[in-house]
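Take 1 as the starting number for the sequence shown in full-length UniProt numbering and just add one per residue. Built from N, CA and C at the ideal position, the CB exists for glycine as well.
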Amino acid sequence: MPIIVSCRSLSRKVVDNVPDWPSSATVSNLPAKTAVNASSCEEATSVTTDDISGKVSCPKTFSCQLCPYKAKYPSVLAQHQRTHSNERPYKCDVCALTFKREHHLLVHQRIHTGEKQFKCSICSHACVTKFALVSHMRRHTGEKPYQCTHCPARFAYTYQLKHHMIMKEHT
Numbered sequence: 001m002p003i004i005v006s007c008r009s010l011s012r013k014v015v016d017n018v019p020d021w022p023s024s025a026t027v028s029n030l031p032a033k034t035a036v037n038a039s040s041c042e043e044a045t046s047v048t049t050d051d052i053s054g055k056v057s058c059p060k061t062f063s064c065q066l067c068p069y070k071a072k073y074p075s076v077l078a079q080h081q082r083t084h085s086n087e088r089p090y091k092c093d094v095c096a097l098t099f100k101r102e103h104h105l106l107v108h109q110r111i112h113t114g115e116k117q118f119k120c121s122i123c124s125h126a127c128v129t130k131f132a133l134v135s136h137m138r139r140h141t142g143e144k145p146y147q148c149t150h151c152p153a154r155f156a157y158t159y160q161l162k163h164h165m166i167m168k169e170h171t
């Protein structure tokens, strides 16, 4: 009977008799007493199906050398490590602005294309980011989530709170 392994990090299903899989694997259709080798992690050991109940896990993480941060995947660690450096590998072809994350470049490029995919359901306003739309919606709802820590004043936008703090000398 084959073993079916569904794995997040591989983003696919693997059918094998005795697979090696990463810690994110989920196991199903295992015949009794099948030997399973989770050798993708140095701390994992060979087990039989009697030893596991649906999931194989191991404590493998990838550690940042500069701070206590740990990640499950090397790509996430590489992205984190850019916070410690000035490396900005993603460059806008139009204005040469650079970014640490590809997603931030893609959002920025909408400024040049004029694409505003987030539309207000109440008025005709459209925004480049979902965050900007959520912020815009406060005009309609009256929500004021930012409160002064020194008085009961509340504000819809962070810039209003900052201005208040300066004007009232709460700093």
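Do residue j and residue i count as a contact pair if the criterion is CB distance below 8 Å?
i: L105; j: C92; result: yes
i: I122; j: H140; result: yes
i: R138; j: A153; result: no
Nearest-angstrom Cα distance between residue i and residue j?
i: S24; j: P74; result: For S24, the pLDDT reaches just 48, beneath the cut-off of 50, and the residue's location in the model is therefore unreliable, although a value from the coordinates is still provided. Each residue's Cα considered, the two are about 14 Å apart.
i: G142; j: K72; result: 41 Å
i: P145; j: I166; result: 19 Å
i: G54; j: V107; result: With a pLDDT of only 49 at G54, under 50, the local geometry of the prediction cannot be trusted, and the value read off the model is given with reservation. Between G54 and V107, the C-alpha separation is close to 39 Å.
i: C120; j: K60; result: 44 Å
i: Q117; j: H164; result: 32 Å
i: C64; j: L133; result: 35 Å
i: Q160; j: F131; result: 17 Å
i: L66; j: H103; result: 24 Å
Looking only at its own chain, which residues have a Cβ that is under 7 Å from the Cβ of residue i, when we skip the five neighbours before and after it?
i: H125; result: H136
i: Y69; result: H80
i: T98; result: R88, Y90, K91
Apart from the five residues on each side of it in sequence, which residues of its chain come closer than 6 Å, Cβ to Cβ, to residue i?
i: R110; result: V128
i: D50; result: In this predicted model, D50 has a pLDDT of only 48, less than 50, meaning its place in the structure is not dependable; the value taken from the coordinates is given anyway. Counting only Cβ-Cβ distances below 6 Å, and skipping sequence neighbours, we find nothing.
i: R82; result: K100
i: S85; result: none
i: Q147; result: R154
i: F62; result: A71, P74, L77
i: K168; result: none
For a test of your reading of the model: does the CB of residue i fall under 7 Å from any non-hydrogen atom of the ligand GDP? Yes or no.
i: H104; result: This structure lacks the ligand GDP, and indeed carries no ligand of any kind.
Can you name, in chain order, every residue of its own chain whose Cβ lies under 8 Å from the Cβ of residue i, other than the five neighbours on each side?
i: residue 176; result: For the chain, the structure presents residues 1 to 171; residue 176 sits outside this window and is missing.
i: S112; result: With the sequence shown as reference, residue 112 is identified as His, and Ser is not the correct amino acid for it. Counting only Cβ-Cβ distances below 8 Å, and skipping sequence neighbours, we find C92, V94, C95.
i: K162; result: none
i: T158; result: Y146
Quick one: which unbroken alpha helix (DSSP H) runs of 4-plus residues sit fully inside the UniProt domain "C2H2-type" (90-117)? Chain order, please. Taking only runs of at least 4 residues, the alpha helix (DSSP H) segments lying wholly in the UniProt domain "C2H2-type" (90-117) are 102-113.
Of all the alpha helix (DSSP H) runs that stay within the bounds of the UniProt domain "C2H2-type" (118-145), which reach a length of 4 or more residues? Inside the UniProt domain "C2H2-type" (118-145), DSSP marks whole alpha helix (DSSP H) runs of 4 or more residues at positions 130-141, from first to last along the chain.
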